[in-house]
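Participant:
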Amino acid sequence: MNDHDHPDQAHEPETRDAGSRALAEALHSSFTIVKIAMGALVAIILAAGFFTVKPGEKAVVLRFGKPRGEGQKMLLSSGKFYWSFPYPIDEVVRIPIAEIQKVTSSVGWYAMSHQDEVAFEATGAQPPAGGNSLNPAIDSYVITADQNIIHTRATVSYHIDDPLAAIFNFASGTNHEFDVAGISNAVQDAANNALVAGAARFNVDDILTRDIAGFQDGVRHRVNDLVERERLGVVIDQCQVVSVAPRQLADVFRQVTAARENRHKLVQDALGDQNRILSAAGAQAVAITNSAETARNRYVTSIQSESEAFVKLLPQYQSNPQLYAQLELAKAMPQILSNVDKDFLPQRADGKPRELRLMLNREPPQNARSAANP
Amino acid sequence: MKKNALTIIIAAVLLVIFALLLFTFQVRQSEVVVVSTFLKPTDTITNAGLYVKWPWPVQSINRFDQRVQTFEDKFSETYLADQSILLASVYVGWRISDAKAFFPKFPGGSVLEAQRKLENMLRSAKLAVVGKHNLSEFVNSDPTQLKFNEIEQEIKSSVDAELAKNNYGISLEFLGIKRIGLPESVTQSVFDRMKAERTKYITEAQSDGEAQAAKIKSAADRQAADLVADATADATRIQGAGEAEAAKMLGVFQQNPQLAVFELQLDALKNSMNQKSTLIFDERWSPFSLFQNMPANGAIK
Amino acid sequence: MDRSIQKNGVVNFTVALVIFLAGFAVTVFAGSLAGQAAAVFLGLSVLVTFVSWFQMRLEENERLEKLELDELARSRGASLFEAKDAGSFPARNAREQFEKYFVPGFAVLLLLLEAGGACLLWYWSGKNPAALKDAGATKALSLFAIFALLLFLFGRFSVTMARLENHRLLRPGASFLLAGAYVCAFTALGIAGVEAKYPDADLWAARALCVLLGLLAVENLLTLLLEIYRPRVKGKVVRPLYESRVAGLLAQPESLFTTAAQTLDYQFGFKVSETWFFQACKQNLPVLLLAQLAVLLLSTTVFFVDAGEQAVLEHFGKNAGVYGPGAHVKLPWPADQIYRFRTEQIQSFAVGYTPDAQSEAASLVLWTVPHAKEENFLVGNRAPSTVGEAGTNDAASTKPVGLITVSIPVQFQITNIIDWVYNNTAPDEFLTSLATREVVRYFAGSDLNDVLSHGRLEAATALRDRIQAAANDRRLGAKIVFVGLQDIHPPTGSDVAKTYENVVGAGETRLAKILEAEAAAIRTNKLADAQAFTVTNVADANRVRVVTAAYARAALFTNQIPAYAAAPSVYRQRLYLQNFAAATKNARKYILLVTNTQDVIIYDLEDKIRTDLENLNLTNSP
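Chains as they are written, first to last, in this note's numbering: chain A, 1047 to 1420; chain B, 2 to 302; chain C, 779 to 1400.
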């Protein structure tokens, strides 16, 4: 059904030519564009061969999939310009590795928020406990050899010794990507296992107070053993272990230490008392003997002086005993009667005896205490 | 013509690249590739490098990561042989050891599927082995009774045997216990016991201290009393020595005992009457006898 | 000629309008979904016929005007040729304006109606799929058939007219009418289907019509868009924008090729339809189609079996062999058919629990927290029962049983595919049931404590053997690869699991109590020890003191004897008087030297006033 064209035959060859000419021109210009694009592509590929490595990263060049270089030389560090062929000949794999890697154990400690972490690192202050039990979904802990529960954590610092093993041999679910997650997880697993196994051998007092260094050593040995046995290709630099009693029991643990110190103090005090008592007694003993000595001396001297006086007085007395007695009495009377209350009772005029009534009182009791303070 | 030559060269380069893409493939480090011819697995390649193959659909490749994957099973609760309850989880490092055997066993060679089946086996083996032991074999200060490493070894051999028996193509590089714990209600009771233990130590320390202090003090008191007693005895002895010395001189007094006694009485009077004494006397006693028969004076009455 | 065309246009319009109204009424009366779509379609045709008739009128006016002008020009001479200005051709202007502005706008309106109608109808039909009322179904059916017939008559006439007369403005309306006829017929079919007990027929018919409307809308849109790019060749007459090729196609299916040719020609502006390729296709189309079919059939002769799979070949339904991974040849479908099964692949099912995504993702499995729907299994209990009647016969006494929940994943492979496929109807479920039965039997015959703790390894091995034996008995062709006892514990509900934990807790509490007692014992012992020591020491000290004092006193006395012997009376008096003086020094002494009295001494032994009252210091402090 030719219903489009108006019968205008003269135009038809023109249009056809025009159309095909337009098409040909379009194709030609497209080809030119394609050629230019290809040239630019080659230039870009060549230029993209240069690359650098950022600090905090290392790079490995895989030529046809195989890493170039051996051992430590495999890892390219930052600071230099490198060149590699484009993909698919060479592939540059960047791996974030620090010089020293650090990993903290993930079992054995209760849940801490970031602020709590910071506070703990700074001052050792622990957040308050949530309840009187430990929920295994939230908090973690280890069991000691005497079936006590404590919290402990290990921070392991290590560096990669054999990149072929550490990077290219371990993964953690990141298929076909290279990073340190695999080796980091493996070291963390080793640290966890070392903590659990270490705690299983030591008693709670050893871990917390008596043998802290021994426990840390034990953990470190086990981490080293595991790292070697599993051929992780890393070297452990440092392994630090921190252990605390459960927060719910922190008070009572402190009280044990305090009680032990207190006992020491009690014994020391008692020894001090002992010294004091002994020295007082010694002094007292010396005083007693000294006073006895003094008394004896005084007694002997007084006897001696009395006897000498007696010898002197004897002839006087023997000449007239009565007179002597009266004289002496008269001499002594003033002295005797000086401090005496004297009551003179004359005789009644009619010579009858008086009735003397004497009212004798009790002496007031001695008050040992001093008078009340004003 | 020049333009033509350039176009031809570029076309040729493109063709070469295209052919390379179709006919070669790379095996990256730590990958293992299974080459299947018409979907049947024929070759396994583990070393990294560039290899040749026929293009799809004649030959196709499947890549697998042959690195050791670290993986852990669920932290699950189980019964021990001594009727106590323990929660335990293990971690493993596993890898695809035989890709050709691994590949058909899991849909699409999916590592996730394999991991799921592995978790089942791990958990069953762990619970079976753990259930055979007592709690004192997990934690013990006596190294001969502690069977921690043996338990890990048992679990590993059990899973190894399962994997080998059915040729899963997976091997375990290492296995270890990641974590052990107790049910939440039991931790509360353990806390109570720990508290009682600590309280016992506190009491021990306190009463020990008090007892020792008391003992030291009483020993000191005893010693002091001994010292004083000795001193008193010595004092008495000294007194006796004094007496003995005085005895030599006392004979003098026996020449006239009355005088001696008189002097002594006089001294005694002086000493005893110098305080708190009241004397009531009448005029009979000398020298107050002088007051007798005094001339009566109106004033005196 | 033109007048008859116009008259034709009017007739089309009237017919379309009448049938539209009638159809609408029938639809409302009978409630047919397809009828609603048909009504929309008819409405569109009403609009199209009206507009095309209007356009026809405008063209007619323009033509008349031109005739007049020509006559005038002939009569007036050459002077008119210089006075050509736009304003003196009103009819042509009107038509041009119409074509420039109204027609595209109308096309857009049509587009909106088509699209909106399609969407709304789809939505409505989804909401109430069975809206057809039984009462009017037959009537609706017959009415729609009549409409179809009428529309067909008029449409066919108009279309032929348009083709013969080559009038482009008649074509849209005509093709819409004719297409409308087929639409009504389709609707009638739908209703008939419902009558013939296929209740979805109406819905599907409505949906098909919705799709058609959508197609119209899409085509309209494309036409509008492509109109912008079409090369404007001078002298070519523009076809009306609102003419729908789809409707035309619907009206005249036999002109598929010509329509395609026309479209290409029209779009590209040159005769694509006359290139050799197009002609070749057109001529050899049937052959090409046949060739396509043959290739399709041949492609089923080669089949690939994936790794880990096996395929069973059936030759006209009869088993003809098993094929492993790789490429194989067979007779084409339907002579040979293959069925694939995963054989080397490890499949699994679960006994005793139903895994769900949440419990799979959880990383902690506790007895007291429910995880995955679990079922309870009976298990024996060897522990002696303390609840029993005295004097019962041992054989007759009932042993207690326990309930546990187990999670047993079972992994298996299909080893003999023929057995697997042909011996049982649902081998998967059958294997699951077998496994469950074996599990139930095993646990019923074992001891609770064994199975909970140290008997798991044996249980796993025994279960695997038993399930394998049962599967072999029934010739399932499966190999049990692994049976795992993943979780065995007392049931989570009713606090049974919690009570198990409490037992362990009670053990710890017992230890705590023992420790408390020990602490008390230590304290008592130590203090008693110290007290004993003290008492002993005190006694000893006393003893020593007394003894030494006695010894010393004896020694003193021994020394006093010679002193006494040296001066007996003096010594005694001396001792007496000295001690008398010392003793009475502080005592109150009353010395009565009176001889002239009768003495009466009254002793007042009352307690004195308190000395602290005597010692008060009364000060005047401000």
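For glycine and all other residues, C-beta sits at the position ideal for the given N, C-alpha and C.
1) Considering only residues of the stretch 1251-1281 of chain A, which uninterrupted alpha helix (DSSP H) runs meet the minimum length of 4 residues and lie entirely inside it, listed in chain order?
2) Can you give the Cα-Cα distance for B/V191 and B/L183, rounded to whole angstroms?
3) In its own chain, which residues sit with a C-beta less than 7 Å from the C-beta of B/L51, not counting the 5 before and 5 after it?
4) Whose Cβ in chain C lies nearer than 7 Å to the Cβ of A/A1183?
5) Given this structure, state the Cα-to-Cα distance separating A/I1195 from A/I1184, to the nearest angstrom.
6) For A/N1270, which residues in the same chain have their Cβ closer than 8 Å to its Cβ, ignoring the five residues on either side in sequence?
7) Under the rule that 16 or more other beta-carbon atoms within 10 Å means buried, what is B/D283, buried or exposed?
8) Compute the Euclidean distance between the alpha carbons of C/A794 and C/A959, then round it to the nearest angstrom.
9) State the start and end residues of the unbroken alpha helix (DSSP H) segment that holds C/I1245.
10) Quick check on the DSSP output: what are the complete alpha helix (DSSP H) runs of length 4 or more inside the stretch 71-136 of chain B, in order along the chain?
11) Would you verify that the beta carbon of A/N1407 is, or is not, closer than 8 Å to some beta carbon of chain C?
12) For the stretch 269-282 of chain B, which residues have a CB atom closer than 9 Å to at least one CB atom of chain C, in sequence order?
13) Look up C/D1197 in the DSSP assignment and say whether it is helix, strand or coil.
14) For C/A864, which three-state DSSP category applies?
15) How about C/W1247: is its C-beta nearer than 8 Å to some C-beta of chain B?
16) Among residues of its own chain, excluding the 5 on either side of B/T200, which ones have a beta-carbon nearer than 8 Å to its beta-carbon?
17) So is B/V14 buried or exposed if we call it buried at 16+ other beta carbons inside 10 Å?
18) Checking contacts by CB at 8 Å: is A/E1276 closer than that to chain B?
19) Could you tell me the distance, in whole angstroms, from the CA atom of C/N1227 to the CA atom of C/T1146?
20) Taking A/L1284 as the query, report the chain C residues whose CB atoms sit under 7 Å from its CB, ordered along the chain.
21) Residues of chain C with a CB under 9 Å from the CB of A/R1400: which are they?
22) Taking beta-carbon pairs under 8 Å, can you tell me which members of the stretch 1090-1107 of chain C lie near chain B?
23) Mind pulling the chain A residues with CB within less than 7 Å of C/R1366?
24) Which residue wins for smallest C-alpha separation from C/A1353, given the options B/L119, B/S278, B/L265, B/F39?
25) Can at least three beta-carbon pairs, one atom from the stretch 1102-1120 of chain A and one from the stretch 1135-1144 of chain A, be found at a separation below 8 Å?
26) Tell me the residue span of the alpha helix (DSSP H) that contains C/S903.
27) Cβ closer than 7 Å: which chain A residues qualify as neighbours of B/I97?
28) Between C/F954 and C/T1078, is the Cβ-Cβ spacing less than 8 Å?
29) Is there contact between the stretch 1128-1145 of chain C and the stretch 1209-1218 of chain C, where contact requires at least three CB pairs shorter than 8 Å?
30) Are the C-beta of B/V187 and some C-beta of chain C separated by less than 8 Å?
31) Please list, in chain order, the residues of the stretch 166-187 of chain B that have any C-beta partner in chain A closer than 9 Å.
32) I think B/V93 touches B/F65, with their Cβ atoms under 8 Å apart; what is that distance to the nearest whole Å?
33) Please list, in chain order, the residues of the stretch 1111-1129 of chain A that have any C-beta partner in chain B closer than 7 Å.
34) According to DSSP, simplified to helix, strand and coil, what is A/N1215?
35) Measure how close the beta-carbons of A/R1408 and A/R1400 come, nearest whole angstrom, since I'm counting them as under 8 Å.
36) Provide the residue span of the alpha helix (DSSP H) that contains A/M1379, from first to last.
Facilitator: This is what the structure holds:
1) Every unbroken stretch of the alpha helix (DSSP H) spanning 4 or more residues and falling wholly within the stretch 1251-1281 of chain A is given here in chain order: 1258-1275.
2) B/V191 and B/L183 have their C-alpha atoms some 9 Å from each other.
3) T25, Q27
4) L1142
5) Going from the Cα of A/I1195 to the Cα of A/I1184 covers about 15 Å.
6) I1282
7) With 16 or more Cβ atoms within 10 Å of its Cβ, B/D283 is classed as buried.
8) The C-alpha of C/A959 is placed about 11 Å away from the C-alpha of C/A794.
9) 1234-1251
10) 100-106, 112-131
11) So, interface residue.
12) A269, L270, K271, N272, S273, M274, N275, Q276, K277, S278, T279, L280, I281, F282
13) When secondary structure is reduced to three states using DSSP, C/D1197 falls in the helix class.
14) The pLDDT assigned to C/A864 is 48, lower than 50, so where the model puts this residue is not dependable, and the model offers no usable value.
15) Before going on, a small fix: residue 1247 of chain C reads as Ala here, not Trp. Not one chain B Cβ lies under 8 Å of C/A1247.
16) none
17) exposed
18) For A/E1276, the answer is yes, since a Cβ of chain B falls inside 8 Å of its Cβ.
19) 18 Å
20) Checking the displayed sequence, the identity of residue 1284 of chain A turns out to be Gln instead of Leu. Those do not exist, as A/Q1284 stays about 30 Å from chain C at its closest Cβ, beyond 7 Å.
21) V1372, N1374, T1375, Q1376
22) G1102, P1103, G1104, A1105
23) E1409
24) The displayed chain sequence assigns Leu, not Ala, to residue 1353 of chain C. Considering only alpha carbons, the answer is B/L265.
25) yes
26) 881-905
27) In chain order: nothing, as chain A lies at least about 11 Å away.
28) no
29) As far as the Cβ criterion goes, the stretch 1128-1145 of chain C touches the stretch 1209-1218 of chain C, which means the pair count is three or higher.
30) At least one chain C Cβ lies under 8 Å of B/V187.
31) E174, F175, G177, I178, K179, R180, I181, G182, L183, P184, E185, S186, V187
32) Wrong, their Cβ atoms sit about 18 Å apart, outside the cutoff.
33) G1111, K1112, P1113
34) Residue state, collapsed to three classes: coil.
35) Not really, about 26 Å apart at Cβ, beyond 8 Å.
36) 1367-1383
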